[in-house]
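A.B. asks: Let me give you the structure first, and then I'll get to my questions.
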Amino acid sequence: DAKTTQPPSMDCAEGRAANLPCNHSTISGNEYVYWYRQIHSQGPQYIIHGLKNNETNEMASLIITEDRKSSTLILPHATLRDTAVYYCIVRGSSQGAQKLVFGQGTRLTINP
Amino acid sequence: GAVVSQHPSWVICKSGTSVKIECRSLDFQATTMFWYRQFPKQSLMLMATSNEGSKATYEQGVEKDKFLINHASLTLSTLTVTSAHPEDSSFYICSADGSSSYEQYFGPGTRLTVT
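Protein chains in written order, with the numbering used here: chain A, 1 to 112; chain B, 1001 to 1115.
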């Protein structure tokens, strides 16, 4: 599985957009970029995933660069409840490659 | 969305005893389930992958005789920590893959404390 690199921590003001970067320079053509978050003492929560195109859902937007070597997760209007550790994970799509390998993630703190 | 439950949510046991943790997919069938362990202020570490009806595949460094995994049905996987020791105290989290989804659904976790 391709390795990802994320900043260890970030701060964002409540109501502003939170932009979380992720580098995955060794990603291969059939690997997806997934984002999960973990609020303290809970199981991880799926946010969004993508392959090549930018994606948007009710929680966030995912912007993937054209060369696919990096991506950015955007929380458009961050709230205090978005304070969590955010994990960017590269995952294969073929059978037997379903496991998620978690890195250290980014600890996002939303400040009032 | 799909729901994965774990039982118990927390457990305290004495050193040397065994503890069983259940992971259930409540509204879907899970062909594959995963078990993770998380120590304080650390990331999740994958322990093993279990497929219904077959033996689990353990990650390197995880003792298969100590962490027994059984995936007897499409909705239930169990993790038994045998002869638990204080260093086994951790947050254990399971997840499940649906058969037709790219999303992996996580349980709420089980906090194990071994005294």
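We put the CB at the ideal spot given by N, CA and C, even for glycine.
#1: Measuring only between beta-carbons, confirm whether Q6/A sits less than 8 Å from chain B.
#2: Return helix, strand or coil for P21/A, following the three-state DSSP convention.
#3: If you follow the beta strand (DSSP E) that T1110/B is in, where does it begin and where does it stop?
#4: From what residue to what residue does the beta strand (DSSP E) around Q1104/B run?
#5: Report the three-state DSSP secondary structure of E1059/B (helix, strand or coil).
#6: Closer than 9 Å between beta carbons: that is the criterion. Which residues of the region 1078-1095 of chain B meet it against chain A?
#7: From V33/A to V90/A, what distance separates their C-alpha atoms?
#8: Smallest Cα separation from H24/A: which of G105/A, N57/A and R37/A?
#9: Does any C-beta atom of chain A lie closer than 8 Å to the C-beta of Y1102/B?
#10: Use the C-beta contact count for V1003/B: other C-beta atoms within 10 angstroms, 16 or more gives buried, fewer gives exposed.
#11: Quick check: the Cα distance between M1045/B and V101/A, rounded to an integer number of angstroms?
#12: Quick one: what's got a C-beta closer than 6 Å to R1111/B's C-beta in the same chain, skipping five residues either side?
#13: Quick one: complete beta strand (DSSP E) runs, 3+ long, within the region 7-86 of chain A?
#14: E1022/B lies in the beta strand (DSSP E); which residues open and close that run?
#15: Is D1065/B helix, strand or coil when you go by DSSP?
#16: In the DSSP assignment, find the unbroken beta strand (DSSP E) run with L1046/B in it and report its ends.
#17: Whether or not the region 4-11 of chain A and the region 1069-1084 of chain B are in contact is what I'm after, with contact meaning three or more pairs of Cβ atoms, one per stretch, closer than 8 Å; do they touch?
#18: Pair every Cβ in the region 70-83 of chain A with every Cβ in the region 1024-1034 of chain B, then say whether three or more of these pairs are closer than 8 Å.
C.D. replies: So, from the data block:
#1: Here residue 6/A refers to the residue found at position 6 of the first sequence. By this cut-off, Q6/A is not an interface position.
#2: In the first sequence, residue 21/A corresponds to position 21, counting from 1. Of the three classes helix, strand and coil, the one that applies to P21/A here is strand, per DSSP.
#3: Here residue 1110/B corresponds to residue number 110 of the second sequence, with the count starting at 1. T1110 to V1114 is the extent of the beta strand (DSSP E) around T1110/B.
#4: Here residue 1104/B is taken as the residue at index 104 of the second sequence, counted from 1. Looking at the DSSP string, the run of the beta strand (DSSP E) that includes Q1104/B is Q1104 to F1106.
#5: Within the second sequence, residue 1059/B is the residue found at index 59, counting from 1. In the structure shown, E1059/B sits in coil (DSSP, three-state: anything other than H, G, I, E or B).
#6: F1091, I1093, C1094 and S1095
#7: Within the first sequence, the letter at position 33 stands for residue 33/A. Within the first sequence, the letter at position 90 stands for residue 90/A. C-alpha separation (whole angstroms): 5 Å.
#8: Within the first sequence, numbered from 1, the residue matching residue 24/A stands at position 24. It is G105/A whose Cα lies nearest to the Cα of H24/A.
#9: By one-based count along the second sequence, residue 1102/B stands at place 102. For Y1102/B, the answer is yes, since a Cβ of chain A falls inside 8 Å of its Cβ.
#10: Along the second sequence, read from residue 1 onward, the residue named residue 1003/B stands at position 3. Exposed, because fewer than 16 other Cβ atoms sit within 10 Å of the Cβ of V1003/B.
#11: Numbered from its first residue, the second sequence carries residue 1045/B at position 45. Numbered from its first residue, the first sequence carries residue 101/A at position 101. Using only the alpha carbons, I get a separation of about 7 Å.
#12: Locating residue 1111/B in the second sequence gives position 111, counting from the first residue. Cβ within range, chain order: W1010 and F1091.
#13: 9-13, 18-23, 31-38, 45-50, 61-64 and 70-75
#14: Within the second sequence, residue 1022/B is the residue found at index 22, counting from 1. Looking at the DSSP string, the run of the beta strand (DSSP E) that includes E1022/B is V1019 to S1025.
#15: As a first step, residue 1065/B is located in the second sequence; it is residue number 65 there, counting from the start. Three-state DSSP puts D1065/B in coil, outside helix and strand.
#16: Reading the second sequence from its first residue, position 46 is the one you call residue 1046/B. Per DSSP, L1046/B belongs to the beta strand (DSSP E) from M1045 to N1051.
#17: no
#18: no
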